[in-house]
Amino acid sequence: MRCHQEVVVALRIHNTLTGMTDELVPGGVKKERIEDYPHVTIYSCGPTVYSYAHIGNFRTFLFNDFLRRYLKFRGFMVDHAMNITDVDDKTIAGAENEGISLKEYTERYTDIFFEDLKTLNIEIVEFIPRATESIDAMVDIIKKLDEKGLIYEKDGSIYFSISRWDGYGRLSRLDSREIKSGLRYDTDEYEKDDVRDFALWKSAKEGEVCWDTPYGKGRPGWHIECSAMIRNIFGTTIDIHTGGVDLIFPHHENEIAQSEAAYGELFVRHWIHAEHLLVDGTKMSKSKGNFYTLRDLLAKGFSPRSIRYLLLSAHYRKQLNFTFEGIGQADQALARIDNFIVRLKDVKGDGPRCAELPGLMEKFIADFIEGVDDDLNISRGLGVLFEFLHEMNSLINEDRLSRDDAGALLETLAKIDSVLGVIFFPAADDAVDAERIESLIAERIAAKKAKNFQRADEIRTILLEEDIILEDTKDGTRWKRKN
Ligand SMILES: [Zn+2]
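Per the numbering used here, the sequence shown starts with residue 1350, numbered consecutively.
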């Protein structure tokens, strides 16, 4: 029998480091069963909190969310970290402009960022380190690099010397001449010996926020933040590092250089990069008038659920062209799902269960897994979903489903939605977690079926205390908020 928790692992994801679609092997040692693997350690480059994130950023954050949700759905345990860059040129300039402290300034945009994540139904990850809280770990790396003679000081700033370390450029596969020519290098305004070198520690300018360290008063370079936070949280080689393709060079290349040079071990097994978002076929820019934050789109009346669906629905390695028409198509797709659920809730038959249904549901899950296991091919996964809804609609048309069948189908959809997060989407004005309520209702139905009326009553009371009223109708249980 095929049960998805026991299927031999076949999850393959494109790895920027090898240029191949590699099997995901958490911990680096292949196991027979998913449950034998250690937790998957994941690090995602997070936002620089100097302004509102734009929808291109959210495509990447939604991809991270999809990845972690899918891994959990497949039976992996995840330990996922995403950093908050709360010190850099832009945040310092922003705070200065407004005449407030850096902390006040970055906390405002950090809060806004988390509100936006919640609006898009993005899960909160296990670790959310702040750059400003990881200074000691950054100094540790610089010390290690210092001992190995890989750094130099210039005008009070500390640089990593790329020419003294073999192995630079493995991730981006940039021709060293291309890097050297200055076509591609780490742009910042600081003087350095070699155009390719990058700042580990930047000397403090007059009046700027700074930290006093053995390497002088200053603040961290951007790249070292991520290396330090990864070391701090995970201690050793991690399984997955994600980010947008624009971060491959120089940011991720530099992360590899400083971490591997400092600790002499592999930094990351699997590098996964999400492609760009285009808007109306071109790069988003303020001057073109096609630059949107999430809030811009909500103000235009688009629902966060449609935006989530649209940004999620394209394969992560393909450029996605964002258009208002595309949101309209997302709405249509969601309406098909919603219509199906309404029909399902209206199934009233008390007759025998549909004999074919368990096999069809099992096949649906297996096909979904087969599609998505192939380099996280969400398009195939969604194709499988809509094909399944079509099939199930036919069964409803033929009056072949009973109420119990409908309940089982809702449970199956909830399983798939643990990956998609769009089917049972929390209402925008609803502070309570609709998903949790639905699952409590499902538990109550199961308890009643098992004649565990005590638990059933308990659940009703729990929800009542949160002002959620349950109504048992002949078509099933509905819930509403007490006015
Ligand atoms: Zn990073």
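All C-beta atoms in this analysis are idealised placements derived from N, C-alpha and C, irrespective of residue type, glycine included.
- Task: Pick out the complete beta strand (DSSP E) segments inside the segment 1582 to 1630, 3 residues or longer, and give them in chain order.
- Result: 1587 to 1593, 1617 to 1623 and 1626 to 1628
- Just how far apart, CA to CA, sit residue 1380 and residue 1582? Spanning the two alpha carbons is a distance of roughly 24 Å.
- Measure the C-alpha to C-alpha separation of residue 1423 and residue 1715 and round it to an integer number of angstroms. 11 Å
- Would you kindly check if the distance between the Cβ of residue 1698 and the Cβ of residue 1751 is under 8 Å? yes
- Pick helix, strand or coil for residue 1699, following the three-state DSSP scheme. In the structure shown, residue 1699 adopts coil according to DSSP, grouped into three states.
- Query: Taking just the CA atoms, how far does residue 1611 sit from residue 1771?
  - Reply: Between the alpha carbons of residue 1771 and residue 1611 lies a gap of roughly 43 Å.
- Query: Between which two residues does the beta strand (DSSP E) containing residue 1825 stretch?
  - Reply: 1825 to 1830
- Task: Check whether the Cβ atoms of residue 1455 and residue 1485 sit closer than 8 Å, and answer yes or no.
- Result: No, these two residues do not count as a Cβ contact at 8 Å.
- Could you check how far apart the C-beta atoms of residue 1574 and residue 1441 are, in whole angstroms? I think they sit under 8 Å. Rounded, the Cβ-Cβ distance is 14 Å, inconsistent with contact.
- Can the beta-carbon of residue 1501 be found less than 8 Å from the beta-carbon of residue 1510? yes
- Taking residue 1578 as the reference, which of 1622, 1554, 1480 and 1506 has the closest Cα? Shortest Cα-Cα distance from residue 1578 to any of 1622, 1554, 1480 and 1506 involves 1480.
- Task: Could you say which of 1830, 1769, 1493 and 1492 lies nearest to residue 1656 if we only look at CA atoms?
- Result: 1769
- Between residue 1393 and residue 1642, is the Cβ-Cβ spacing less than 8 Å? No.
- Query: Whose C-alpha, out of 1374, 1799, 1361 and 1396, is nearest the C-alpha of residue 1386?
  - Reply: 1374
- Message: Check whether the segment 1360 to 1375 and the segment 1723 to 1731 are in contact - that is, three or more C-beta pairs closer than 8 Å.
- Response: Result yes; three or more Cβ-Cβ pairs closer than 8 Å.
- Query: Is any heavy atom of ligand 1 found at a distance shorter than 7 Å from the C-beta of residue 1570?
  - Reply: no
- Query: In its own chain, which residues sit with a C-beta less than 8 Å from the C-beta of residue 1695, not counting the 5 before and 5 after it?
  - Reply: 1824
- Buried or exposed: which applies to residue 1761, given that a residue is buried once 16 or more other Cβ atoms fall within 10 Å of its Cβ? buried
- Spatial distance of residue 1860 from residue 1647 (CA atoms): Only positions 1350 to 1832 of the chain appear in this structure, which leaves residue 1860 out of reach.
- Flag this pair as yes or no: are the beta carbons of residue 1520 and residue 1366 separated by less than 8 Å? yes
- Is there at least one non-hydrogen atom of ligand 1 closer than 7 Å to the beta-carbon of residue 1592? yes
- Query: CB-CB under 7 Å to residue 1313, same chain, minus the five flanking residues each way: which ones, in chain order?
  - Reply: One cannot answer for residue 1313 here, as it falls past the ends of the chain, which runs 1350 to 1832.
- Item | Run of the alpha helix (DSSP H) containing residue 1549, from where it starts to where it stops | Premise fails: residue 1549 lies in the beta strand (DSSP E), 1547 to 1552, not in any alpha helix (DSSP H).
- Task: Identify whether residue 1775 lies in helix, strand or coil by the three-state DSSP scheme.
- Result: Shown here, residue 1775 sits in coil according to DSSP, grouped into three states, outside any helix or strand.
- Item | Distance CB(residue 1403)-CB(residue 1710) smaller than 8 Å | no
- Message: For a test of your reading of the model: does the CB of residue 1394 fall under 7 Å from any non-hydrogen atom of ligand 1? Yes or no.
- Response: yes
- So is the beta-carbon of residue 1900 under 7 Å away from any non-hydrogen atom of ligand 1? Limits of the chain in this structure are 1350 at one end and 1832 at the other, which puts residue 1900 out of reach.
- Task: Pull up the CB-CB distance for residue 1738 and residue 1685, whole angstroms please, since I reckon it's below 8 Å.
- Result: 7 Å
- Task: State yes or no: is the C-beta of residue 1659 within less than 8 Å of the C-beta of residue 1626?
- Result: no
- Query: Which one of 1443, 1593 and 1430 has the shortest CA to CA distance from residue 1417?
  - Reply: 1430 is the residue among 1443, 1593 and 1430 whose C-alpha sits nearest the C-alpha of residue 1417.
- Own chain partners of residue 1731 with C-beta closer than 7 Å, once the 5 adjacent residues on each side are dropped: Non-local C-beta neighbours of residue 1731 in its own chain, meaning closer than 7 Å and more than five positions away in sequence, comprise 1662, ordered along the chain.
- Item | Within 8 Å, strictly: CB atoms of residue 1398 and residue 1433 | yes
- Would you say residue 1620 and residue 1364 are within 8 Å of each other, going by their C-beta atoms? Using a Cβ distance threshold of 8 Å, residue 1620 and residue 1364 count as a contacting pair.
- Task: Report the three-state DSSP secondary structure of residue 1471 (helix, strand or coil).
- Result: coil
- Query: Can you tell me whether DSSP reads residue 1375 as helix, strand or coil?
  - Reply: helix
- Within the same chain, show all residues whose beta-carbon is closer than 6 Å to that of residue 1560, passing over the 5 residues directly before and after it, in chain order. For residue 1560, where only same-chain residues beyond five positions count, the Cβ hits under 6 Å are 1484.
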